[in-house]
Amino acid sequence: MKNPSRHIAAVEIGTSKINVLIGQITPGRGVSLIGFGECQANGVAKGVITDFKQASDATHAALVAAEQDARVKIDEVFLAQTGGHLRGFHHPATVNVESAENLVSRNDMQRACELAMSKELEDGRIVVQYLQRPYLLDGKMVGPNPERLHGEKLEGGCWTVHGDQAVVTNSIHVIQGFNLKVADMILSSLAAGTMLTTQQDRQQGVLMIDIGAGTSDFVYYRHGVPFITGVVAVGGGHLTNDLALGLRVTEGQAEKLKLRHGRGVVASRDKSDKVWLNGDLAIGDRQFPRMAIETITAARVQEIFEVVKKKLGFETNSDNCPAGVILTGGTSRLPHIEDAATRVFGVPAHLGELPAWVGEKLSHPAHSTVLGLLHYGITGRSDTALVRRKPKRTFLRKLFATA
Amino acid sequence: MSSHRAHSSATISWRDIPQEVKPTVMSPAGRRRLNRQLIRNVLIGVLAVVLVAGAFEIWRTVSRNPQRFASAAGSRPVEEITLETNGVLDLAWAEQTLALRRDVGLMELDLYAAKERLMATNQVRQAVLTRKFPATLVVQLDERTPVLRLRARQPGGQTGEFLVATDGEVFTGSGFDRDELARLPWLGGVGLTRAGNHFAAIDAIPRVADLLALARENVPDLYASWRVVSLERAAHDRQLIVQSAEIPEIIFSLESDFYGQLARLDLIIERNRARSLRPVQSINLAVDAQQVPVSFRDGPLARQQPPSRPVRSVSAKPSSSSLVTFRLP
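Protein sequence lines, in the order shown, are assigned to chains A and B. Residue numbering for the first sequence follows my numbering, beginning at 1017 and increasing consecutively. Residue numbering for the second sequence follows my numbering, beginning at 54 and increasing consecutively.
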């Protein structure tokens, strides 16, 4: 009996960890999570591969672990893309409706889209993803499908995300080095946002910020689509670094202090309130003011949010962001970080919650991106497309597939 | 949410990055994966070639010389026949009936024809033949058990003795103990019809077999005296007539419970022995459960000799008799 299911790996090459999640996609039956692999990242700084060999070894170790966990061979990879090299811009394009009756045709929509995507990039830049915005017909928003509507001028717009060609190529080569092909590349923020926001949130307006170790990815949804995306090359690692410099401790000790006593806002008012570095009273163990730790972490958290706010380019309020701010990523576990976000953005902020069907093993906020990659794989690309594509994979091609 | 992947010629998408696999840029894990894939592909290719070549060779051989397969498989002749049966047939009968050639190969053997030979006698209800390699033929038989015997004219015109099984099948019988067969009642009052090389099964026999089994189990003394079971009235009156050594006519109803009828018969015979010395001519158990007509012959109770040969019908008309009705509790 023919088995039409595919095994897809969602791969996130992060600054601190590399996550691989294998899903079995069966047409008509959704996706089943069947394997997970995790590995400490090496050779990656701020989401960018800096040492190809180390990054390859770490990624391949995570892929091997995931394949062993799932006991299947991966067919193709959905790769998350992040890093400070990513930038985005909006490029609108207006076309006159060609029809004599002023009815929008598919051809008009196609021309508007092509025009919106036609803006040339600088040398060394490469398109990572086009995100279509709703059409405007004679200045009024008409949604994603204005076909056969009456109007004279059709405006299409795309949010184009582009990145450094060398950086993107390196991440693809890492996957190639495991004898696999990248089937799709998706922004980390979009993947996480797909999992953590509802359609209603996206329609009303919501900002999702994924604070990782090296970068903070954000996506702002409006009218049901991603409007603005961006990456800030600051993450939880900077909090650790700040603590290490400010308190004159090693990075390992600073990481411990951050996890135990760090906060998103300063709550301590007592300067004499001190905490132990290790708490074991051994040689080298010493005390630090709790207020100092909280001040350092809160300042950096506030800075991250300020930079995100600046990159958004507008003031968020209850009109344009009624669903508030959703926080995720490893650093979102910092206590009271949502209070800091609320202060900066002026709208309610809360931690993102993964759906109930996600098992306990994957319920950590740091896994929202890989979960979103798989979710994006079956929802962003329609199921019917998967089904239609299947017959093209002939028996001989499957038999001698190199992936 | 939708994303466009089309782009103008001026811009480059990540999809334009070539993704050809180059082993030189692979990590050891990737190379191992590639090598495993290549080996698997080669093995699948070789297997496919072998299968195709094998299929072609078989087709060519079959089309040119079909006997080659049979002779090759039959190179090892049948050396032993094993018989498993629930009856009386023995290995000698099986070997004689199968009549296998001395040098016939195990694979060459036509099991269906051999099975037909075994089942040619109605004594075998079911036969299963199994090849047990390297050179053994296993024969499993399910035999019929006789409950009655009868005399009938064979196709050649001679009269022969046959046995009747519980399912009504008529067969000649082989391997049975003669003394055992001599104790079986005769079947009378029935006309046999031919069905091919056999007699057709007698419809009423399963019900008769029930009566005989009950009698043998519960009133063995009475059963031992039964000489003839007649089906003369079975079709129209739904009655069985049994002739025993002492009573010329015992009428059973096919419609009612045999167990009760046997109990009444036993009771009546016991009471008659206790009260009267006159011999019983007839006991009709088919009338009523409470009233059983019993007719007597004149004269003292006399031990009758068993008939030397079966009779087709039982006479129920004595020259002079008296009728008494037994009222049972």
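Every residue, glycine too, gets a C-beta built ideally from N, C-alpha and C. Owing to the predicted nature of the structure, the values given are computational and were not obtained by experimental measurement.
Cβ contact annotation for H1239 (chain A) (same chain, cutoff 6 angstroms, sequence separation greater than five): P1150, in chain order. Think of a sphere of 9 angstroms around the beta carbon of T1185 (chain A): the chain B residues whose beta carbon falls inside it are W67, I70, in chain order. Under the three-state reduction of DSSP output, R1218 (chain A) falls in the helix class. Your pair G1262 (chain A) and T1231 (chain A) does not check out as a contact, with CB atoms roughly 22 angstroms apart and the cut at 8 angstroms.
Residues of the stretch 1129-1152 of chain A whose Cβ lies closer than 7 angstroms to any Cβ of chain B, in chain order: C1129, E1130, M1133, S1134, E1136, L1137, I1142, V1143, V1144, Q1145, Y1146, L1147, Q1148. Counting only the Cα atoms, L142 (chain B) lies some 12 angstroms from M172 (chain B). Per the C-alpha coordinates, the member of A:A1116, A:K1287, A:Q1126, A:P1338 positioned closest to Q1219 (chain A) is A:P1338. Residue state for V78 (chain B) is assigned as helix, using DSSP reduced to three classes.
Listed by position along chain A, the residues whose Cβ is nearer than 7 angstroms to that of A82 (chain B) are H1076, V1080, F1194.
Comparing alpha carbon positions, the residue from B:L320, B:L293, B:I300 closest to S309 (chain B) is B:L293.
The C-beta of L144 (chain B) has fewer than 16 other C-beta atoms within 10 Å across all chains shown, which makes the residue exposed. Against chain A, the CB of V102 (chain B) has no partner CB under 8 angstroms away; the residue lies outside that interface. In this structure, L136 (chain B) places its C-beta atom within 8 angstroms of the C-beta atom of A147 (chain B). R170 (chain B) places its beta carbon 8 angstroms or farther from that of T189 (chain B). Bounds of the alpha helix (DSSP H) holding A266 (chain B) are 258-271. As far as DSSP is concerned, R1349 (chain A) takes part in no beta bridge.
The stretch 1310-1329 of chain A and the stretch 1192-1204 of chain A do not touch, with fewer than three beta-carbon pairs separated by less than 8 angstroms.
Within chain B, the residues placing a beta-carbon under 7 angstroms from that of D1073 (chain A) are S80, ordered along the chain. Annotation for G1053 (chain A): the continuous beta strand (DSSP E) segment containing it runs 1046-1056. Counted as a single uninterrupted DSSP element, the alpha helix (DSSP H) harbouring F1321 (chain A) occupies residues 1306-1328. Membership of C1129 (chain A) in the alpha helix (DSSP H) is indicated by the continuous run 1122-1132. Each of A:H1107, A:E1028, A:P1364 was checked against the Cα of A1229 (chain A), and the nearest Cα belongs to A:E1028. Cβ-Cβ separation between A1071 (chain A) and V1036 (chain A): approximately 14 angstroms, too far for a contact (criterion under 8 angstroms). Annotation for G1262 (chain A): no beta strand (DSSP E) segment contains it, though the alpha helix (DSSP H) segment containing it runs 1252-1263.
H1189 (chain A) belongs to the set of residues whose beta carbon lies under 8 angstroms from a beta carbon in chain B. Contact of V1198 (chain A) with chain B is assigned, a C-beta pair being separated by under 8 angstroms. Nearest neighbour of Y1237 (chain A) by Cα position, chosen from A:D1335, A:P1371, A:A1249, A:A1078, turns out to be A:D1335.
By the Cβ criterion, the stretch 201-220 of chain B is in contact with the stretch 258-266 of chain B, since at least three pairs of Cβ atoms, one from each stretch, lie closer than 8 angstroms. The beta carbon of M1224 (chain A) does not come within 8 angstroms of any beta carbon belonging to chain B, so the residue lies off that interface. A Cβ-Cβ distance of about 5 angstroms is found for the pair V1184 (chain A) and I1142 (chain A), placing them in contact under the 8 angstroms criterion. With contact defined as three or more Cβ pairs closer than 8 angstroms, the stretch 63-74 of chain B and the stretch 1130-1149 of chain A are in contact. Judged by beta-carbon spacing, G1368 (chain A) lies beyond the 8 angstroms limit of L1390 (chain A), meaning their Cβ atoms are not closer than that value. Here N1112 (chain A) carries a strand assignment [DSSP, helix/strand/coil]. The beta carbon of M1125 (chain A) sits no closer than 8 angstroms to any beta carbon of chain B. About 6 angstroms separates the CB atoms of L153 (chain B) and V131 (chain B); that is less than 8 angstroms, so the two are in contact. Classified as exposed, S1115 (chain A) has fewer than 16 neighbouring CB atoms from the shown chains inside 10 Å of its CB.
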